[in-house]
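These notes are about the structure you will find just below.
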Amino acid sequence: MSETLLRVAQVSKHFGGFNALSEVSIEIAQGERFGLIGPNGSGKTTLINCISGSLRNDGGSIVFDGHEISGLPAFERTRLGIARSFQIPRPFSSMSVLENLLVPLEYVVHRRSMHAADTRAEAMQILESMSLADKADTPSNRLTQVELRKLELARAMAARPRLLISDEAMAGLSSTEVEEVLAILRKLNASGITVIMIEHIMRAVMGFSQRVICLDAGRIICEGTPESIVRDPEVQKAYLGA
Amino acid sequence: MRRLASPFGIGAAATVVLAGVLALGGANEYFFFAGYVVLQFVVLATAWNILGGYAGYVNFGTAAFFGIGAYTSVLLFKSLGAPLLVQMAAAAVVTGLLGFGTGLLTLRLRGIFYSIATVAVIFIAETLMINWRYVGGATGLQLLRPAPMLPFETYTRMLFFIMAVVAVLAVAIARYIEISWIGRGLRALRDTEEAAECSGVPTLRLKLLACTISGALMGVAGAPLPMYLSFLEPASSFSLNYSVVALAGAIIGGTAHWLGPVLGAILLASMQQIVTVTISSEMNVLVVGVMLVVFVVAAPDGILGLIRKLRRPRAAAGKP
Numbered sequence: 000m001s002e003t004l005l006r007v008a009q010v011s012k013h014f015g016g017f018n019a020l021s022e023v024s025i026e027i028a029q030g031e032r033f034g035l036i037g038p039n040g041s042g043k044t045t046l047i048n049c050i051s052g053s054l055r056n057d058g059g060s061i062v063f064d065g066h067e068i069s070g071l072p073a074f075e076r077t078r079l080g081i082a083r084s085f086q087i088p089r090p091f092s093s094m095s096v097l098e099n100l101l102v103p104l105e106y107v108v109h110r111r112s113m114h115a116a117d118t119r120a121e122a123m124q125i126l127e128s129m130s131l132a133d134k135a136d137t138p139s140n141r142l143t144q145v146e147l148r149k150l151e152l153a154r155a156m157a158a159r160p161r162l163l164i165s166d167e168a169m170a171g172l173s174s175t176e177v178e179e180v181l182a183i184l185r186k187l188n189a190s191g192i193t194v195i196m197i198e199h200i201m202r203a204v205m206g207f208s209q210r211v212i213c214l215d216a217g218r219i220i221c222e223g224t225p226e227s228i229v230r231d232p233e234v235q236k237a238y239l240g241a
Numbered sequence: 000m001r002r003l004a005s006p007f008g009i010g011a012a013a014t015v016v017l018a019g020v021l022a023l024g025g026a027n028e029y030f031f032f033a034g035y036v037v038l039q040f041v042v043l044a045t046a047w048n049i050l051g052g053y054a055g056y057v058n059f060g061t062a063a064f065f066g067i068g069a070y071t072s073v074l075l076f077k078s079l080g081a082p083l084l085v086q087m088a089a090a091a092v093v094t095g096l097l098g099f100g101t102g103l104l105t106l107r108l109r110g111i112f113y114s115i116a117t118v119a120v121i122f123i124a125e126t127l128m129i130n131w132r133y134v135g136g137a138t139g140l141q142l143l144r145p146a147p148m149l150p151f152e153t154y155t156r157m158l159f160f161i162m163a164v165v166a167v168l169a170v171a172i173a174r175y176i177e178i179s180w181i182g183r184g185l186r187a188l189r190d191t192e193e194a195a196e197c198s199g200v201p202t203l204r205l206k207l208l209a210c211t212i213s214g215a216l217m218g219v220a221g222a223p224l225p226m227y228l229s230f231l232e233p234a235s236s237f238s239l240n241y242s243v244v245a246l247a248g249a250i251i252g253g254t255a256h257w258l259g260p261v262l263g264a265i266l267l268a269s270m271q272q273i274v275t276v277t278i279s280s281e282m283n284v285l286v287v288g289v290m291l292v293v294f295v296v297a298a299p300d301g302i303l304g305l306i307r308k309l310r311r312p313r314a315a316a317g318k319p
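If you read the sequences in order, they're chains A and B. Residue numbers for the first sequence follow numbering that gives the first Met the number 0, beginning at 0 and rising by one. Residue numbers for the second sequence follow numbering that gives the first Met the number 0, beginning at 0 and rising by one.
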């Protein structure tokens, strides 16, 4: 296996007396397609919040590309190469679709550069690759659900990440739309970007991932190939009840 | 060079020249007395908008920065006899630092909690000044104006010109912030702070920067107040009226564009002056309240939003 990009070791997070994560450890290799599943409330989003910096983990360490990042604010992690989409889309709603992409381009890629035209051209390129180019000047609060999901991914891509975390980018989409988003993620992965996919749509996450981890009540209950995961009795119990 | 020749640069230069010509030429002395107040509110509303409009952090503490600016001047004038421009520069430094400090303490609060904390800053500052005898305590301090700088005939005319220059500078700073990467970052964090942070925007740093610049400009607006009145006392220097008019001016004008606070402050402060003279000085407070209610209900995006809607009525009506 190729070298490790992200190493999460013994990470815990509690909210008051509730243990959202207890000593979770994961290693993700450069270029991997990694799936994260688990019932509602199992800690998936908390885990990626800890990785992306929206939350600080209480214990354990998170090493990305050789840097210990668990003390860093989120914007610095983004600059190191971690980008994410949000489960509930959070566009910059006062801006057009194109301007949404200019934020990471200006703050991560071309910091304080004066070449506004180049930045715009790059944003357009990303929008074209997501087939959002015709919406470039649309205010982002006028987008449909699937367009919002694509904008989330496009904005994450504009930060030129090495690790992309997709948090339920397909929830609520029709099956053709799911295929569309999956194709985008596959294309990104083929270009060398490591992808963590959190998803409830089993067909999507199982078809996409090379390796899957299942969380339940803040613990990893199973890890393996997609085929082995679906047969695992622990996983079946977590999803269907005993 | 190109920037100097831009329409904004020409407009800014023309405004300064016009103010200079007016201050040197004729006109009634009262015009300068009232014009100074209007310009002062242009500065306050513009400064307020940098944090309140672009970043969405509603600050009720304008009066604290304004008053501290005025008291910085008095302190320097009384102890060292410092000239006005030095007083103003010192006020900018002091209130800029105050902005940075209060920002550090309060900017982690969001929404209404931040706003409440800023009100507290006014009361703390006012209480401190009431109890500080050297700067006049509760009774205030009478000040003797020095002779006006040449070529101005009277001190009020000079102050009018100085405040016009400050207003142009404040607007230029606000406009620069708005159209640069700083402005995009502030708008991003106003829309959604978490996503902004995950897009590489250092949200706390940007908010502190906005708070510092905004505070410094408010302090500069307050710095000439002791000389303007020849008198300074705490209750009127820290009057909530400054907070309210700064905020109302920006909202009535429109917060998304630098021109909004300028138009709003001119409209509001001029009406206040007219009402004070023609009806009564009590009524001018009512003007602010009534206009704010009317605009929030009828034109939530302010004068600029109204103009935009009138210009493109079809585009607005055609889309759901």
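Every residue gets a Cβ at the ideal spot worked out from N, C-alpha and C, and that includes glycine. Since this is a predicted model, take the numbers as computed values, not measurements.
Top-ranked residue by Cα proximity to residue i, from the options
i: A/Leu5; options: A/Gly206, A/Arg89, A/Pro160; result: A/Pro160
i: B/Gly288; options: B/Arg132, B/Gly110, B/Val244, B/Ala90; result: B/Val244
i: A/Ser41; options: A/Cys213, A/Arg230, A/Lys236, A/Gly223; result: A/Cys213
i: B/Thr153; options: B/Ile121, B/Asn130, B/Glu28, B/Ala166; result: B/Glu28
i: B/Leu158; options: B/Thr45, B/Gly66, B/Gly221, B/Ser279; result: B/Gly221
i: B/Phe31; options: B/Val41, B/Phe40, B/Ala18, B/Leu43; result: B/Ala18
i: B/Phe230; options: B/Arg144, B/Leu246, B/Leu97, B/Leu96; result: B/Arg144
i: A/Asp136; options: A/Tyr106, A/Leu100, A/Ser51; result: A/Leu100
i: A/Ser69; options: A/Arg83, A/Ser51, A/Gln86, A/Gly80; result: A/Ser51
i: A/Ser53; options: A/His199, A/Ala115, A/Arg83, A/Glu22; result: A/Arg83
i: B/Ser198; options: A/Asn56, A/Arg154, A/Arg119, A/Ala189; result: A/Arg154
i: B/Ala26; options: B/Ala268, B/Arg156, B/Leu228; result: B/Arg156
Beta strand (DSSP E) segment containing residue i, residue limits
i: A/Leu5; result: 3-14
i: A/Asp242; result: Because chain A is modelled from 0 through 241, residue 242 of chain A falls outside the range shown and cannot be assessed.
i: B/Ser235; result: Looking at the DSSP string, B/Ser235 is not in any beta strand (DSSP E); the run it does join, the alpha helix (DSSP H), is 233-236.
i: B/Ser269; result: Looking at the DSSP string, B/Ser269 is not in any beta strand (DSSP E); the run it does join, the alpha helix (DSSP H), is 258-277.
i: A/Met196; result: 193-197
i: A/Ile219; result: 218-223
i: A/Phe161; result: It should be noted that the sequence gives Arg, not Phe, for residue 161 of chain A. Unbroken run through A/Arg161: none, as it is neither H nor E.
i: A/Ile68; result: Careful: A/Ile68 lies outside any beta strand (DSSP E) and carries neither H nor E.
i: A/Ala82; result: 81-83
i: A/Phe33; result: 32-36
Status (buried if at least 16 other CB within 10 Å, exposed otherwise) for residue i
i: B/Arg1; result: Caution is warranted here: a pLDDT of 46 is assigned to B/Arg1, below 50, making its placement in the model unreliable, and no coordinate value can be reported.
i: B/Phe331; result: Given that chain B is displayed from residue 0 to residue 319, the structure contains no residue 331 of chain B and the question cannot be resolved.
i: A/Asp166; result: buried
i: A/His66; result: exposed
i: B/Ala315; result: Since pLDDT at B/Ala315 reaches only 46, below the 50 mark, its modelled position is unreliable, and no value is offered.
i: B/Val293; result: exposed
i: A/Thr224; result: exposed
i: A/Met156; result: buried
i: A/Lys149; result: buried
i: B/Ile178; result: exposed
i: A/Ser236; result: Before going on, a small fix: residue 236 of chain A reads as Lys here, not Ser. Result: exposed.
Contact belief for residue i with residue j at Cβ below 8 Å, rounded distance in angstroms
i: B/Ile70; j: B/Val134; result: Rather than Ile, the amino acid found at residue 70 of chain B in this sequence is Tyr. Sure, about 6 Å apart at Cβ, within 8 Å.
i: B/Ile302; j: B/Ile265; result: Contact flag wrong, Cβ pair sits at about 10 Å.
i: B/Thr117; j: B/Phe59; result: 5 Å
i: B/Gly139; j: B/Ile129; result: Their Cβ separation, rounded to whole angstroms, is 10 Å, which puts B/Gly139 and B/Ile129 out of contact at 8 Å.
i: B/Val200; j: A/Phe74; result: 6 Å
i: B/Ile212; j: B/Ala124; result: B/Ile212 to B/Ala124, Cβ: 19 Å. No contact.
i: A/His13; j: A/Asp64; result: Not a contact, Cβ separation roughly 27 Å.
N- and C-terminal bounds of the alpha helix (DSSP H) containing residue i
i: A/Glu242; result: Because residue 242 of chain A is not part of the residues shown, which for chain A are 0 to 241, the question remains open.
i: B/Ile67; result: 61-79
i: B/Gly288; result: 282-297
i: B/Gln39; result: 28-51
i: B/Trp180; result: 180-190
i: A/Leu181; result: 174-189
i: B/Ala12; result: 6-23
i: B/Ile251; result: 239-252
i: B/Phe151; result: Here B/Phe151 belongs to no alpha helix (DSSP H), and DSSP marks it neither H nor E.
Under 7 Å by beta carbon: chain C residues contacting residue i
i: A/Phe33; result: Of the protein chains in this structure, namely A and B, none is chain C.
Taking any Cβ of chain A, which residues in the region 188-201 of chain B have a Cβ under 8 Å from it, in chain order? The residues in question are Arg189, Asp190, Thr191, Glu193, Ala194, Ala195, Glu196, Cys197, Ser198, Gly199, Val200, Pro201.
Members of the region 90-108 of chain A near chain B, C-beta cut-off 8 Å: Pro90, Phe91, Ser92, Ser93, Met94, Glu98, Leu101, Val102, Pro103, Glu105, Tyr106, Val107
Using a Cβ-Cβ cutoff of 9 Å, what residues of the region 142-163 of chain A are near chain B? List them in chain order. Going along the region 142-163 of chain A in chain order, one finds Glu151, Arg154, Ala155, Ala157, Ala158 with a Cβ nearer than 9 Å to chain B.
Chain B contacts made by the region 67-81 of chain A, where a contact means CB separation under 9 Å: Pro72, Ala73, Phe74, Glu75, Arg76, Thr77, Arg78, Ile81
If you measure beta-carbon to beta-carbon, which residues of the region 45-62 of chain A are closer than 8 Å to chain B? Cβ contacts with chain B come from Ser51, Gly52, Ser53.
Of the residues that make up the region 165-182 of chain B, which ones have a beta carbon closer than 9 Å to any beta carbon in chain A? Trp180
With 9 Å as the C-beta to C-beta threshold (strictly closer), list the residues of the region 7-31 of chain A near chain B in chain order. Nothing from the region 7-31 of chain A brings a Cβ to less than 9 Å from some Cβ of chain B.
Residues from the region 114-135 of chain A in contact with chain B, defined by Cβ distance under 8 Å: none
Interface residues of the region 21-53 of chain B facing chain A [CB-CB below 9 Å]: none
Give me the subset of the region 186-212 of chain A whose CB atoms are less than 8 Å from a CB atom of chain B, sorted by chain position. Look at the region 186-212 of chain A: it has no residue with a C-beta under 8 Å from a C-beta of chain B.
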